[in-house]
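So the sequence shown is numbered by numbering that gives the first Met the number 0: it starts at 0 and just counts up by one.
Note that the Cβ used here is the ideal one computed from N, Cα and C, for glycine as well.
Small disclaimer: the values here were computed from a predicted structure and weren't measured.
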Amino acid sequence: MDGAQGRAAVIVNPQAGRGGAEEFARRAAQVLAGRGMAVEVLCTTAPGHAVTIARGLAAQTDLVVAVGGDGTASEVANGLMGHQDRPVMAIVPAGSACDLALNLGVGSAEEGLAVLSNPSTRPMDVGRVDLMGPSGPTSRYFVLTTGTGYSPWVIRCATPRLKRVFGSRSYMVSGVLGAMRHRPPRMRWSADGEEGEGRVFNIVVANGEMEAGGARMSPGASLFDGRLWVGIWHGSSSLAGLWRMRLIYSGTHVGRPFITYKSAQSVSLESYPPVGVQVDGEVPGTTPARFTIVPGALRVIVGPGMAQG
0 MDGAQGRAAV IVNPQAGRGG AEEFARRAAQ VLAGRGMAVE VLCTTAPGHA VTIARGLAAQ
60 TDLVVAVGGD GTASEVANGL MGHQDRPVMA IVPAGSACDL ALNLGVGSAE EGLAVLSNPS
120 TRPMDVGRVD LMGPSGPTSR YFVLTTGTGY SPWVIRCATP RLKRVFGSRS YMVSGVLGAM
180 RHRPPRMRWS ADGEEGEGRV FNIVVANGEM EAGGARMSPG ASLFDGRLWV GIWHGSSSLA
240 GLWRMRLIYS GTHVGRPFIT YKSAQSVSLE SYPPVGVQVD GEVPGTTPAR FTIVPGALRV
300 IVGPGMAQG
């Protein structure tokens, strides 16, 4: 990306950041205009709208900035992945969950604005999941994390009202609520041909290391290594699983007897009956599901500590 010319689009979720995201979008537009770019600011009006906006702009835009949380960023990425020649993507984190930005070395909205002034980019891996949707087989791209078992219940319990009240702590609260409702299913899994079966509390298929407000759910995972990282949390007790989940904040769950952890390029999950699958904080369908990685699919602006030497 030239950085001194071209066209930019700023896509903002006006509900993010308890209503403060629009101000960050305005400031992002000012930064980009100061670099000589023609800038358009567009507000989303409903879930999924950012996908439509990004898809429509991708062919005639050099840079797309997502202002909001992980949901907005994931929708923008899904829209851009529909094109062969994709513009650069940037994130100004301004939502209740902004873990993708953390994985890219952008820890706050102010840092997101700062990197727009003097950007460094890297080609980021993007995951793809093929699963069963409400009307039949469907597919989604994901930038950060997917999974089944406990995690879809956490997402379902993280209602808009809960997010407004608790902000960045909403997923801690919904985690407790989710454990009260979750009954660990019996699953069959395959990771690069290595198979297993059993009752599991949670299965995480991750592209990046941090989620759930900066927790190290998948230590060693990278958005730039061309691999998925799979964590299979064994066990039939939701209360025991919830107690063990406290270890994700330090990343010390890996190596414990209750978890199988490995990297792979292709992962398949089956269960009977089907169970929900979360994809970047949404639950678009159920098992059976197949997860693959598209290495270096999307060029993104990263924080100073993430720039390649």
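Contacting residues, own chain, Cβ-Cβ under 8 Å from residue i (five flanking each side not counted)
i	result
T120	M0, V87, R298, V299, I300, V301
P13	A20, E21, C42, T43
G197	R185, M186, H233
Beta-carbon proximity list for residue i, same chain, < 6 Å, skipping 5 on both sides
i	result
S270	P184, M186, T286
A65	I10, T71, A72, V75, I90
A49	I10, T43, T71, E74, V75
R289	D129, S267
R54	G78, G81
P303	none
G308	Bear in mind that a pLDDT of 44 at G308, under 50, signals an unreliable position, so the number given afterwards is only what the model happens to contain. Excluding sequence neighbours, G308 sits near nothing in its chain.
Y260	G230, V253
W188	G195, L268
A45	none
A205	T144, S217, A220, W228
A7	L31, M36, V38, L62
Anticipated Cβ contact below 8 Å, residue i with residue j, distance rounded
i	j	result
G126	I292	5 Å
D124	L222	6 Å
W228	G219	7 Å
P294	T137	Contact flag wrong, Cβ pair sits at about 23 Å.
I202	G146	5 Å
Bridge partners - residue i, DSSP secondary structure assignment
i	result
M88	V63, V299
Q277	G146
N201	G148, W232
R185	R198
P122	R298
A190	E193, V266
E39	A8
A288	L268
S138	D129
E208	According to DSSP, which records beta bridges pairwise, E208 is partnered with nothing at all.
Contacts around residue i, its chain only, beta-carbon distance under 7 Å, and the 5 residues preceding and following it disregarded
i	result
V30	L112, L115, S116
D69	G94, A96, C97, D98, L99, L143, D279, G280
A27	V9, V64, V66, V91, L112, L115
R163	R17
Chain C contact for residue i (CB, 7 Å cutoff)
i	result
V299	Annotation note: the requested chain C is absent from the structure, which comprises a single protein chain.
Residue interval of the alpha helix (DSSP H) (run including residue i)
i	result
R25	20-33
G70	69-79
A53	48-56
G111	108-116
L99	98-102
Residue i - containing beta strand (DSSP E), residue span
i	result
A7	6-11
F223	Counting along the chain, F223 falls outside any beta strand (DSSP E), and DSSP gives it neither H nor E.
Exercise. Can we say the stretch 88-98 touches the stretch 17-34, given the rule of at least three CB pairs closer than 8 Å?
Worked result: yes
For this session: Determine contact between the stretch 141-160 and the stretch 272-281, defined as no fewer than three beta-carbon pairs at a distance below 8 Å.
Result: yes
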